[in-house]
Structures are given as structure tokens and as C-alpha cells.
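If you read the sequence shown in this note's numbering, its first letter stands for residue -9, the second for the next number, and so on.
Cβ atoms here follow ideal geometry from the backbone N, Cα and C, with glycine treated the same way.
Worksheet: one structure, shown below.
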Amino acid sequence: AAASSFPPRKPLKAKITNEQHSRRDKFLKRQKDARFSLTNHSRNSIVPQIVSKNEELENEEGGDDSSAGASIEGISKKELKLLKKREHWSKQLCTPEWMVEIPNNLKEDWFVLPRPEGKRVILIAHNSKTIARTLSGSILFIFQSLLPGGHRSSNRSSNRTSTTILDCIFHEADFTFYCLDMLFWNDYSLYDSTSDFRHYWVQTKLPEQSVLEVNIENEYSIKPVPCFDCDASGLEKAYLGRFCFIKDGLVFVCKEASYPLGVTPLILIWKDESITRYPVVAGDEQQSVVLEARKCSVDSHQLVECLSFVTSDDPPIKLFESCKRGKLRNAKQGELFRFSVESVGYAEDIDNKVAIPSVSGIKVEKQCSKVRPAADSWSKIVAQSALRSGGVNKITIQDIANKVK
């Protein structure tokens, strides 16, 4: 399958790496303009939708799959249900960009958190039970917790109709949920609150609710992830400090940010070989990327449907285009595929004076598992390339430390 033609590609250069700064400024401006509407949206749409979808899919978990053979446009009902479930739940939490530039105001306006190793989950306490779902929509656990709305006991102040939603990582080594962020607490929306306020509530509300320890009423421990101001002292604590979980990188959070859904440059992930067991995606020596199939066009000569393969960014970035042949002959819109690439960089569009994200030597490897929640973002692809090459584009802990002196 032949890739679409792109302008001549050039390596990553420092002069074009201000794109993350630019996106961050746009996100903050858009956030200020949309804060009022987000408040109403979160109260009237997001939370009721999450709760109703949670109950609907919970009832379907053990449902009858006898209709799995029926198909709609080549997609079986079972496959379609999995795709819709993944599409819904993968959009309910934010997806941090990877740090490819160090924010100018990192010391004054950002937090830093050690990221626990484990599965990212959305924790929903409602209707007298607590459900942990992965970003593919699969139920990890259903249990009793002392989160508001998460326990059947009627003698507590939070009644069975209360709702609490947390952004967590499940750390399998100690069977603990580590809370990264708080979206909804006892029917109070925090989507439009600043990170500064939300992280204060994470650090105070969880201990107040007695969810740190396991007992007969609280079947899993739910603990706040330590959060530090991103000055020299805070960075050192997050990077070198010893915690009760295995570290898997650092998370940097803009204090002004409301809770953003989807890929965002207001929350950043950074990793190196000292702070994670997996600094790069495991696999062959050649870098691999995961892209989502999108309908593109039809070959007018052979009437063969073509697909474009894009990142998870908003708007998505097209990195490959192919007719449905070979390993892609059964590819369907919305499915995820793993590709190998030789190098990552930018093609320069001289006429429009813009740099276009591009990869070279791209080859399809295989279709991804249905439990994979989303395609890679462009920032992840760039950061993984820098980590693999160890070149000038790699951001070191010393680079970050110099910024916060």
C-alpha cells in the first residue's frame, strides 16, 4: 500500500518547537471564553451522561452476544458495541500531551506530580456502589467505597444518589487507586475549577472521607497522588523522592487549567530512564506509533476505498493514507493500527510557511487490541522519537531544573 505524498520532510528543529507553547496559549484563552458554558455542560450533560452510560453498559457486561454475527456496513454488532464503548469512555478523561517544550512559566504557574505506574481509570461512585472503568470502557472492579455515593450504607451523610467522579491510576502492586484529579465530588462539579482548587480538594477530601485505608466499608484504598509546586524543591521531591508506588514519569499541571477533556497541552507527561521502567514503548528497535483509521476517499480508477490514519489530537493529524489492501484490507473506520516508522519530523510547506508533522518509512504492523483506548498524540510520537535517539530534542531533568531555578 502506497503512502500519500507529502512535501519534503526535514528533521525536528528547535526553531519549530514553539508549537506546544502556541497551543497552550490557545487552550487557556479558549478555556476563559468557555468557562461559563463548561459549567453548565458539566452539570447538565457530562455527568448525567457518564452516570447513565455507566449503568447502561454495566447491565450489558453479561449480556447475550447471540446477535454478534449480524453486521452493519461490515462491522458486527459486537464490534460496533466495543467501538462505541471505547469511543465514549476514552473521551471522559483528559489526555496529557508529552513534554516536547518546557513551559516558560513552569516555576510560578505549574504543579509537578510523580505519576504512579498502572492502568488509568475513571472511578465513579453512584447509586450505592463504586465502579472503576478503564479508558476502553471495560469494568475493572465494582466495589463498596466510602466515597460520596459509593456505599449502600444509609446512615452516612452522602446518600445513595450522590455522585463522585475521580481520575485515577490503579497501582496493581498494592491494589490501590491513586487519585490524579477530581472531576465531581458529592454532586459538586469541579470541571470548571482551576487545577489549584481541584488538587487542594484531592489532598483534603479523600482523607476526610476515610478512603485511604481498606476496611469492610471501603474495599480498596483510594489515595491522593502527592502534588508539589514546580520550584526547585518540589521538582526534586517529585523526581528523587521515594513513594509507596512505582513511579512512571512526572506529570506537570498548569494551575490555571480547568479540567480539559481530550488531548491537552495544559497537562504534560515527561519521562526518562531514571524515573520509569518503560521510558519508551516496548517493541523492536524501530519506533512504533498507533493511529486511528478514518474514511478518506475512493480510488476513482479501481473503486477501492481509501483510509487515512490519524493521531488523537484535536484536530487529528494525518500521517498515512492507504487503500484497503494487504494488512489493511479489512480495516474499518475507528479501528486502531500499529505502524513502524523510521524517523519523525516535519515537512516544510514553503508556500504557507508552516511546518507539517510527518513521519518517514511508515509500515503497517498489525491491528491493535480492542482494549486500546486511543491513538497516539503527535507530542507522544515526538517525545518517543527524542527518547530513542537521545539527541538534541530530548528534554533532560537538568533542562527542567534549570528552568525552575
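Beta-carbon proximity of residue i to residue j, cut-off 7 Å
{"i": "Q10", "j": "E98", "result": "no"}
{"i": "W79", "j": "K370", "result": "no"}
{"i": "I265", "j": "G239", "result": "yes"}
{"i": "K237", "j": "P104", "result": "yes"}
{"i": "E203", "j": "F133", "result": "no"}
{"i": "K360", "j": "L72", "result": "yes"}
{"i": "S298", "j": "E282", "result": "no"}
{"i": "V280", "j": "L326", "result": "yes"}
{"i": "W100", "j": "C217", "result": "no"}
{"i": "A345", "j": "T301", "result": "no"}
{"i": "T124", "j": "G139", "result": "no"}
{"i": "C158", "j": "L196", "result": "no"}
{"i": "T151", "j": "L137", "result": "no"}
{"i": "P363", "j": "I307", "result": "no"}
{"i": "K384", "j": "A391", "result": "no"}
{"i": "V394", "j": "A222", "result": "yes"}
Supposed close pair residue i, residue j - CB separation, criterion 8 Å
{"i": "S118", "j": "E207", "result": "The Cβ separation is near 12 Å, so there is no contact."}
{"i": "S66", "j": "V253", "result": "Actually they are not in contact, since the Cβ atoms of S66 and V253 sit about 29 Å apart, beyond 8 Å."}
{"i": "Q277", "j": "Q374", "result": "6 Å"}
{"i": "V102", "j": "C220", "result": "4 Å"}
{"i": "G388", "j": "S248", "result": "It should be pointed out that residue 388 corresponds to Gln in this sequence rather than to Gly. In fact, because the Cβ distance is near 32 Å, the residues do not count as touching under 8 Å."}
{"i": "F160", "j": "V111", "result": "5 Å"}
{"i": "L18", "j": "E246", "result": "6 Å"}
{"i": "R328", "j": "C358", "result": "6 Å"}
{"i": "R14", "j": "P255", "result": "4 Å"}
{"i": "E162", "j": "G108", "result": "6 Å"}
{"i": "S350", "j": "E338", "result": "Actually they do not touch by this definition, with Cβ atoms about 14 Å apart."}
Three-state secondary structure assigned by DSSP to residue i
{"i": "D389", "result": "helix"}
{"i": "L315", "result": "Note on residue identity: the sequence assigns Arg, not Leu, to residue 315. The answer is coil: DSSP assigns R315 none of H, G, I, E or B."}
{"i": "N117", "result": "coil"}
{"i": "A283", "result": "strand"}
{"i": "A376", "result": "helix"}
{"i": "T153", "result": "strand"}
{"i": "F327", "result": "strand"}
{"i": "L103", "result": "strand"}
{"i": "H396", "result": "Not covered by the structure: residue 396. The range shown for the chain is -9 to 395."}
{"i": "T166", "result": "strand"}
{"i": "K97", "result": "helix"}
{"i": "A(-8)", "result": "Because the pLDDT at A(-8) is just 39, under 50, the model does not fix this residue reliably, and the value given afterwards should be weighed accordingly. Here A(-8) sits in coil by DSSP."}
{"i": "L18", "result": "helix"}
{"i": "E275", "result": "coil"}
{"i": "S126", "result": "coil"}
{"i": "L136", "result": "coil"}
{"i": "D262", "result": "coil"}
{"i": "V192", "result": "helix"}
{"i": "K395", "result": "coil"}
{"i": "H78", "result": "helix"}
{"i": "S183", "result": "coil"}
{"i": "L297", "result": "strand"}
{"i": "K384", "result": "coil"}
{"i": "E91", "result": "coil"}
{"i": "K322", "result": "coil"}
{"i": "N30", "result": "At N30, the pLDDT of 49 sits below 50, so the modelled position is not reliable; the number obtained from the coordinates is stated separately. The answer is helix: DSSP assigns N30 an H, G or I state."}
{"i": "L309", "result": "strand"}
{"i": "E173", "result": "With the sequence shown as reference, residue 173 is identified as Leu, and Glu is not the correct amino acid for it. Three-state DSSP puts L173 in a strand."}
Beta carbon proximity, residue i to chain B, threshold 7 Å
{"i": "R362", "result": "No chain B is present in this structure, which holds just one protein chain."}
Near the ligand NAP: residue i beta-carbon under 6 Å from a heavy atom
{"i": "H11", "result": "This structure does not include the ligand NAP; it has no bound ligands of any sort."}
Query raised in the report: Is the stretch 113 to 130 touching the stretch 266 to 284 in the sense that three or more CB pairs, one from each, lie closer than 8 Å?
Result: Verdict: no, contact absent.
Query raised in the report: Are there three or more Cβ pairs, one per stretch, closer than 8 Å when the stretch 254 to 261 is compared with the stretch 344 to 359?
Result: The stretch 254 to 261 is not in contact with the stretch 344 to 359.
Query raised in the report: In the stretch 331 to 371, which residue ranges form an unbroken beta strand (DSSP E) of at least 3 residues, counting only runs that do not cross its ends?
Result: The DSSP assignment places complete beta strand (DSSP E) segments of no fewer than 3 residues inside the stretch 331 to 371 at 333 to 339, 344 to 350, 353 to 357, in order along the chain.
Query raised in the report: With contact counted as at least three CB pairs below 8 Å, one residue from each stretch, are the stretch 155 to 167 and the stretch 209 to 221 in contact?
Result: Contact between the stretch 155 to 167 and the stretch 209 to 221 is present, because at least three Cβ pairs lie under 8 Å.
Query raised in the report: What are the complete alpha helix (DSSP H) segments, minimum 4 residues, inside the stretch 197 to 255?
Result: Assignment of alpha helix (DSSP H) within the stretch 197 to 255, counting only whole runs of 4 or more residues, yields 222 to 230 in chain order.
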